[in-house]
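S.K.: Below: one structure in structure tokens.
Number of protein chains: 2
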Amino acid sequence: MTLKDNHGYHMSAEEFRRHGYNLIDWLADYALDVERYPVLSQVAPGDIRAKLPPVAPQVGERFEDVMADFERDILPGITHWQSPNFFAYFPANTSGPSILGELLGAGLGVQGMLWLTSPACTELETHVLDWLVDILHLPRKFKSTSSGGGVIQDSASSATLCALLTARERATRFNVKDSGTTGRLIAYGSTETHSSLEKACAIAGIGVQNLRKIPTNDRLQMDPAALSAQIVQDRSAGMQPFFVCATVGTTSTLAVDPVAEIASVCEENQLWLHVDAAMAGSAAMCEEHAALHRGVERADSYCFNPHKWMFTNFDCDCFFVADREELINTLTILPEYLRNQATESGEVIDYRDWQVPLGRRFRSLKLWFVLRHYGVEGLKHHIREHVALTARFAKWVSDSPDFEIVVPPNLNLVCFRYRADNDFNKKLVEALNRSGRLFLTHTTVRGEYCLRFCIGQTNTAESHVAAAWRLIEGTARQLQAHLDAEK
Amino acid sequence: MTLKDNHGYHMSAEEFRRHGYNLIDWLADYALDVERYPVLSQVAPGDIRAKLPPVAPQVGERFEDVMADFERDILPGITHWQSPNFFAYFPANTSGPSILGELLGAGLGVQGMLWLTSPACTELETHVLDWLVDILHLPRKFKSTSSGGGVIQDSASSATLCALLTARERATRFNVKDSGTTGRLIAYGSTETHSSLEKACAIAGIGVQNLRKIPTNDRLQMDPAALSAQIVQDRSAGMQPFFVCATVGTTSTLAVDPVAEIASVCEENQLWLHVDAAMAGSAAMCEEHAALHRGVERADSYCFNPHKWMFTNFDCDCFFVADREELINTLTILPEYLRNQATESGEVIDYRDWQVPLGRRFRSLKLWFVLRHYGVEGLKHHIREHVALTARFAKWVSDSPDFEIVVPPNLNLVCFRYRADNDFNKKLVEALNRSGRLFLTHTTVRGEYCLRFCIGQTNTAESHVAAAWRLIEGTARQLQAHLDAEK
Chain A
4 MTLKDNHGYH MSAEEFRRHG YNLIDWLADY ALDVERYPVL SQVAPGDIRA
54 KLPPVAPQVG ERFEDVMADF ERDILPGITH WQSPNFFAYF PANTSGPSIL
104 GELLGAGLGV QGMLWLTSPA CTELETHVLD WLVDILHLPR KFKSTSSGGG
154 VIQDSASSAT LCALLTARER ATRFNVKDSG TTGRLIAYGS TETHSSLEKA
204 CAIAGIGVQN LRKIPTNDRL QMDPAALSAQ IVQDRSAGMQ PFFVCATVGT
254 TSTLAVDPVA EIASVCEENQ LWLHVDAAMA GSAAMCEEHA ALHRGVERAD
304 SYCFNPHKWM FTNFDCDCFF VADREELINT LTILPEYLRN QATESGEVID
354 YRDWQVPLGR RFRSLKLWFV LRHYGVEGLK HHIREHVALT ARFAKWVSDS
404 PDFEIVVPPN LNLVCFRYRA DNDFNKKLVE ALNRSGRLFL THTTVRGEYC
454 LRFCIGQTNT AESHVAAAWR LIEGTARQLQ AHLDAEK
Chain B
4 MTLKDNHGYH MSAEEFRRHG YNLIDWLADY ALDVERYPVL SQVAPGDIRA
54 KLPPVAPQVG ERFEDVMADF ERDILPGITH WQSPNFFAYF PANTSGPSIL
104 GELLGAGLGV QGMLWLTSPA CTELETHVLD WLVDILHLPR KFKSTSSGGG
154 VIQDSASSAT LCALLTARER ATRFNVKDSG TTGRLIAYGS TETHSSLEKA
204 CAIAGIGVQN LRKIPTNDRL QMDPAALSAQ IVQDRSAGMQ PFFVCATVGT
254 TSTLAVDPVA EIASVCEENQ LWLHVDAAMA GSAAMCEEHA ALHRGVERAD
304 SYCFNPHKWM FTNFDCDCFF VADREELINT LTILPEYLRN QATESGEVID
354 YRDWQVPLGR RFRSLKLWFV LRHYGVEGLK HHIREHVALT ARFAKWVSDS
404 PDFEIVVPPN LNLVCFRYRA DNDFNKKLVE ALNRSGRLFL THTTVRGEYC
454 LRFCIGQTNT AESHVAAAWR LIEGTARQLQ AHLDAEK
């Protein structure tokens, strides 16, 4: 890269076109060829850094060389979340229209902190999130045309934090925001609630000791009676219960908390109810799964992640509140340099007051592209396909004499184990992931180490699921034979 | 969009190629044509939403139709941050290599929460941030090869929050994280510190009343003697000072706090020192501006935003700490489903423990692309060009009998006003922005309303700055004539 007369060191429009086409081609090929690579990167700690020069280049380099280095030095360190053989954690499925939406957003380079700084960035987001209220059978109160509204957060962690903060201020009449006096606030989740609630309690000054992890039933769902009893106990100890997080689809086993029963406890005790439906929420668009959202009409806030199971690349968490004023009052700070007529008129939404950071990308573009490309019909089709594949996989597991299902499978997750000890199952997971042919993760249920098999990547088809099952069975058989031989 | 045999409703690789090429062309043309559009969107609240259908499409639509709707319905609601005539707030300059880096990151769709979930996502980030320590003349202790390390946050707001949280835990020996007992903690900024510090105090349970806004001198720099006196006063009132945020380049006027003097006060009192160099930090790569970072070698944490003035699209804030263990201990929560050997070995970085959210994009790709494409030399060239253009603009202003400079211009910002009352200057800003030919914002300095003119967009050249000055002068003259006629 050398200094050019017209535009200094910048990439010219013609160069951008050329490199852009090549990169689009690379990504199209990547999507076709991704099965060539080991799903889980096989590098050791430090391997990638060891290939990189110790100091940055003083003089610019050709884009072709950078891409060549990417392929040679970086790609081996990628774990391929977009592989159809990725069954770990949760899906982070993306799609053509989503990638193009992200590209358009990056190219426009707008900053959506205020309505004024790009009105379309705010209004498209508000509008598309109102669409989603209908699509997901959520209550009307979450719409911007009612008392509430939706906002895109980077993650469910941030959504939960914003819900917790707003509940904290409601409970203390802004005593924490103003004076930092937290009093003796107590938050509630279950033993299965996502760790982000604990993190939010740490961040918000509630203290992790003041998060009660309510026990679950044998389906790993929060026990509303135990919740109620704990609240009574805390109150009589002089504490102030203020917040409950219910989960629709826990991370570990996809258990669905009894939201309606929990809502009754919350109403009785005037607690904020937040519902975290990070992955499972997407399924509620299918009529046969709409009951997932039973009780959510009584929640104060709700979130789900299109960046998990709705073909929209990270980051895209949709966070809804029933009362936007409370959220805004909790997070607003208005310095002089951000003052403007539109804000002061009260006619517009300034999303900086709905989130922790000030700045924000134009993330609704990708969500809008996805909804327009697939239509609700297309999204439902693919979610139903994943659920059907999961049922088929679960059948194979339960038909096998060597394996057992650990909890009844739900939607797109199967938790199962080989009929042997934890150590065997741990070795099985390690051997499978080392093969590079698939990637799955584990959890423990009642002390039992088990395999989590989650189906939701964009291009996962029956052939991938069937091959995975054959590999799991075969690998277990080999491991068993190896152990038998050692005896 | 109809159901296809092979891949359901998904966009095929061939379609992705076709639409991708077209979008790359659109963006290349946009960069060339952006001056056609009014810089500040001229729509009224609700205009954009009014064009969008009330419900989402049931059936998928052609990508060409979505792009046509984007151009017709969304584009008028865009404020063009990438216009060379954008002089408002701060730049959010992007570039070809950055946009392509974001595209590649979106296409790979990896989740970088743990080292394991994509080792290259973590290692490239750590490595490039180590590079930046050298490039920006920052202290070695901020490197991962020392006791510290860097991480990409979405924004300086989030970086400041993470610094504040870690300082809170250091000061209370984890009493807030654990038990929520905040004690009587007091944080310090100046009257000019960014509003994100106030927001962080609200979020972290410190309370905005416990943030002291130390007065500034006539250059709007924090007064270290006043800071010291306030700390003495707070201690004698039984409060616990714990955190100071110094600013290198304030949002309002780009004032640079005396970091070294503030560091002495912090050392004497054992307070955490965070340095916020969000925009100005980039300039420190130029030897003639390296003194901007004088004193930063004594700070506990530091951040600057490549997404402001380093040709990297939002979001990309680089946050450095001197002691990574403290940060990690503050933000870590380790549930079973995230446990893995690499994490437990202690040999790797898991960036989820360096930030509020759990998930994260592959943001270092765009930063790496930018550094490789421009080289340090290219970045310096363009920063120097912006600084030179700003000096030229400031000269025109100070040579004009009708205008006055309000504070001595620094780097790429000029704060000035027409020699008339606040109301006149406010009308001047409104008239200029309504013209669509440029966009600038305002601030108030000692009660005086003034125009902020910030130069830093990628394609801003002398011709744009000169045209802006002619427009400002001409518009002021017209406004004055109009007022004179009314008398």
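So the protein lines, in turn, are chains A and B. First residue of the first sequence? That's 4 in this note's numbering, and the numbers climb one at a time after it. First residue of the second sequence? That's 4 in this note's numbering, and the numbers climb one at a time after it. All C-beta atoms in this analysis are idealised placements derived from N, C-alpha and C, irrespective of residue type, glycine included.
#1: Comparing the C-beta of B/MET282 with each C-beta of chain A, is any distance below 9 Å?
#2: Within a Cβ cutoff of 6 Å, which residues of the same chain sit near A/SER539, ignoring the five residues on either side of it in sequence?
#3: From B/SER493 to A/VAL268, what does the alpha carbon distance come to, in whole angstroms?
#4: Hey, could you find the ends of the alpha helix (DSSP H) B/ASP32 is sitting in?
#5: For B/GLY513, count neighbouring C-beta atoms within 10 Å of its own C-beta (all shown protein chains included) and say buried if the count is 16 or more, exposed if not.
#6: Quick one: Cα of A/MET70 to Cα of A/PRO41, how far?
#7: Within its chain, find whatever has a CB closer than 6 Å to the CB of A/TRP312; leave out the 5 residues flanking it on each side and keep chain order.
#8: Cβ atoms of B/PHE427 and B/LEU443: under 9 Å apart, would you say?
#9: Using beta carbons (cut-off 9 Å, strictly below), is A/ALA71 in contact with chain B?
#10: Say whether the stretch 239-249 of chain B touches the stretch 445-452 of chain B, bearing in mind that this needs 3 or more beta-carbon pairs closer than 8 Å, one atom from each stretch.
#11: For A/PRO57, count neighbouring C-beta atoms within 10 Å of its own C-beta (all shown protein chains included) and say buried if the count is 16 or more, exposed if not.
#12: Output needed for B/MET4: all residues of its chain with C-beta closer than 8 Å, excluding positions within five of it in sequence on either side, in chain order.
#13: So B/LYS180 contacts chain A; which residues on that side make the cut at Cβ distance below 8 Å?
#14: Tell me the residue span of the alpha helix (DSSP H) that contains A/ASP326.
#15: I'd like the ranges of any beta strand (DSSP E) spanning at least 3 consecutive residues and lying wholly in the stretch 170-243 of chain A.
#16: Return the Cβ separation of B/ARG297 and B/ALA258 in integer angstroms, given the expectation that the two are a contact with Cβ distance under 8 Å.
#17: Any idea which residues DSSP pairs B/SER304 with across the strands?
#18: Report the rounded CA-to-CA distance for A/ARG75 versus A/LEU167, giving the unit in angstroms.
#19: Identify the continuous beta strand (DSSP E) that holds A/GLU388 and give its terminal residues.
#20: Tell me which residues of the stretch 46-77 of chain B have at least one Cβ-Cβ distance to chain A shorter than 7 Å, keeping chain order.
#21: Under 7 Å Cβ-Cβ, which residues of chain A neighbour B/HIS130?
#22: In chain A, which residues lie less than 7 Å from B/TYR24 when you measure between Cβ atoms?
#23: For A/ALA266, count the other beta carbons within 10 Å of its own beta carbon; 16 or more makes it buried, fewer makes it exposed. Which is it?
#24: Cβ of A/ASN316 less than 9 Å from any chain B Cβ?
#25: Which residues in the same chain have their Cβ closer than 7 Å to the Cβ of A/CYS472, if we skip the five residues on either side of it in sequence?
#26: Excluding the 5 residues flanking B/LYS144 on each side, which residues of the same chain have their C-beta closer than 7 Å to its C-beta?
#27: Under 8 Å by Cβ, that's how I've got B/CYS124 and B/PHE365 pegged, so tell me the actual separation to the nearest angstrom.
#28: Taking a cut of 9 Å between CB atoms, which residues from the stretch 379-393 of chain A lie near chain C?
#29: In the DSSP output, what is B/ASN413 paired with across the bridge?
#30: Look at B/HIS277 and B/CYS306 and say whether their C-beta atoms are less than 9 Å apart.
#31: How about B/LEU30 and A/PHE19: are their beta carbons less than 9 Å apart?
#32: Could you confirm whether any beta carbon from chain B is found closer than 9 Å to the beta carbon of A/TYR354?
#33: Rounded to a whole number of angstroms, what is the C-alpha to C-alpha distance between B/TRP134 and A/ALA484?
#34: Would you say A/SER150 faces chain B, with C-beta separation under 9 Å as the test?
#35: Can you give the beta carbon distance from A/ALA229 to A/ASN213, rounded, assuming they're within the 8 Å contact cut?
#36: Taking the alpha carbon of A/PHE372 as the reference point, which residue from A/GLU105, A/GLU67 and A/CYS165 has its own alpha carbon closest?
M.R.: Looking at the atomic coordinates:
#1: By this cut-off, B/MET282 is not an interface position.
#2: Because residue 539 of chain A is not part of the residues shown, which for chain A are 4 to 490, the question remains open.
#3: The shown model of chain B, from 4 to 490, leaves out residue 493 of chain B, and the question about it has no answer.
#4: Per DSSP, B/ASP32 belongs to the alpha helix (DSSP H) from 16-36.
#5: One cannot answer for residue 513 of chain B here, as it falls past the ends of chain B, which runs 4 to 490.
#6: CA-to-CA, the gap between A/MET70 and A/PRO41 works out to about 20 Å.
#7: Once the five neighbours on either side are set aside, the close Cβ partners of A/TRP312 are PRO94, MET282, SER285 and GLY459.
#8: No, these two residues do not count as a Cβ contact at 9 Å.
#9: No, no contact with chain B.
#10: With a cut-off of 8 Å, the stretch 445-452 of chain B and the stretch 239-249 of chain B do not count as touching, because too few Cβ pairs lie within range.
#11: Exposed, by the Cβ-count rule.
#12: Only weak support exists for where B/MET4 lies, its pLDDT of 45 falling under 50; the coordinates are left without a value.
#13: At a C-beta separation below 8 Å, B/LYS180 has these neighbours in chain A: ALA205, GLY210 and VAL211.
#14: From DSSP, A/ASP326 is part of no alpha helix (DSSP H); its letter is neither H nor E.
#15: DSSP runs (the beta strand (DSSP E)) wholly in the stretch 170-243 of chain A: 188-193 and 214-217.
#16: Rounded, the Cβ-Cβ distance is 15 Å, inconsistent with contact.
#17: For B/SER304, which the question treats as bridged, DSSP gives the partners B/HIS277 and B/VAL324.
#18: Put simply, the backbone Cα of A/ARG75 is about 45 Å away from that of A/LEU167.
#19: Element bounds for A/GLU388: not the beta strand (DSSP E) but the alpha helix (DSSP H), 367-402.
#20: From the stretch 46-77 of chain B, only VAL46, PRO48, ILE51, ARG52, LEU55, VAL58, ALA59, PRO60, GLN61, VAL62, GLY63, GLU64, PHE66, VAL69 and ILE77 have a Cβ closer than 7 Å to chain A.
#21: Taking the beta carbon of B/HIS130 as reference, the chain A residues within 7 Å of it are ARG52 and LEU55, listed in sequence order.
#22: The answer, in chain order, is TYR24 and ILE27.
#23: Buried, by the Cβ-count rule.
#24: Chain B contact via Cβ: present.
#25: Position check: residue 472 of chain A holds Trp in this sequence, whereas Cys was assumed. For A/TRP472, where only same-chain residues beyond five positions count, the Cβ hits under 7 Å are PHE396 and TRP399.
#26: Answer for B/LYS144: SER150, GLY151 and ALA325, listed in chain order.
#27: 5 Å between Cβ atoms; contact.
#28: You won't find chain C in this structure, because its protein chains are A and B.
#29: Bridge partners of B/ASN413: B/LEU416.
#30: In this structure, B/HIS277 places its C-beta atom within 9 Å of the C-beta atom of B/CYS306.
#31: The criterion of a C-beta distance shorter than 9 Å is satisfied by B/LEU30 and A/PHE19.
#32: No, because no Cβ of chain B sits closer than 9 Å to the Cβ of A/TYR354.
#33: If I take the Cα positions, the gap works out to 50 Å.
#34: No, A/SER150 lies away from the interface with chain B (no Cβ there is under 9 Å from its Cβ).
#35: About 17 Å; that fails the 8 Å criterion.
#36: Of the candidates A/GLU105, A/GLU67 and A/CYS165, the one whose C-alpha sits nearest the C-alpha of A/PHE372 is A/GLU105.
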